[in-house]
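In this note's numbering, each number is its position in the sequence shown, counted from 1, plus 783. For glycine and all other residues, C-beta sits at the position ideal for the given N, C-alpha and C. This structure is a prediction, so every number in the text was calculated from the model and none was measured. Here's the structure we're looking at; comments come further down.
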Amino acid sequence: DELSLRLPMSPRGLQRAPFRVLVGANMPAIVVEMGFISNPDQETQLTSATFQNAIVNGLLRGIIRYREEVARGIPLVGPPAPATAE
Numbered sequence: 784d785e786l787s788l789r790l791p792m793s794p795r796g797l798q799r800a801p802f803r804v805l806v807g808a809n810m811p812a813i814v815v816e817m818g819f820i821s822n823p824d825q826e827t828q829l830t831s832a833t834f835q836n837a838i839v840n841g842l843l844r845g846i847i848r849y850r851e852e853v854a855r856g857i858p859l860v861g862p863p864a865p866a867t868a869e
């Protein structure tokens, strides 16, 4: 939410998946992908100081908000449920 308030975001939004780099993490963890350098328009954004500052500020606000919610006892979002065969 904090990033989407500060940046024009792709409609892909938040996604959950058992990313290999996060599986087994014994602490809250996220992977943030802000764009693709192979895309010329996104490369321009990613190399912009204004865009980078907006990313940093959004991530910082999100981390602060997370800490505040944990302190207030708001339930945390858990890992995605395993896929089931239908």
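Hey, out of the options, whose CA is closest to residue i's CA?
i, options, result
"G841", "M810, Q825 and V815", "V815"
"E785", "A808, R844 and Y849", "R844"
Measure the alpha-carbon distance for residue i versus residue j and round it to whole angstroms.
i, j, result
"Q835", "P801", "27 Å"
"I847", "A832", "22 Å"
"I820", "E826", "4 Å"
"R813", "N822", "Contrary to the premise, residue 813 reads as Ile rather than Arg in this sequence. Using only the alpha carbons, I get a separation of about 23 Å."
"A854", "L790", "27 Å"
"D824", "Q798", "22 Å"
"P811", "A837", "22 Å"
Are the Cβ atoms of residue i and residue j separated by less than 7 Å?
i, j, result
"G818", "L805", "no"
Within the 7 Å Cβ cut-off, does residue i reach chain B?
i, result
"V814", "In the displayed structure, chain B is absent; only one protein chain is listed."
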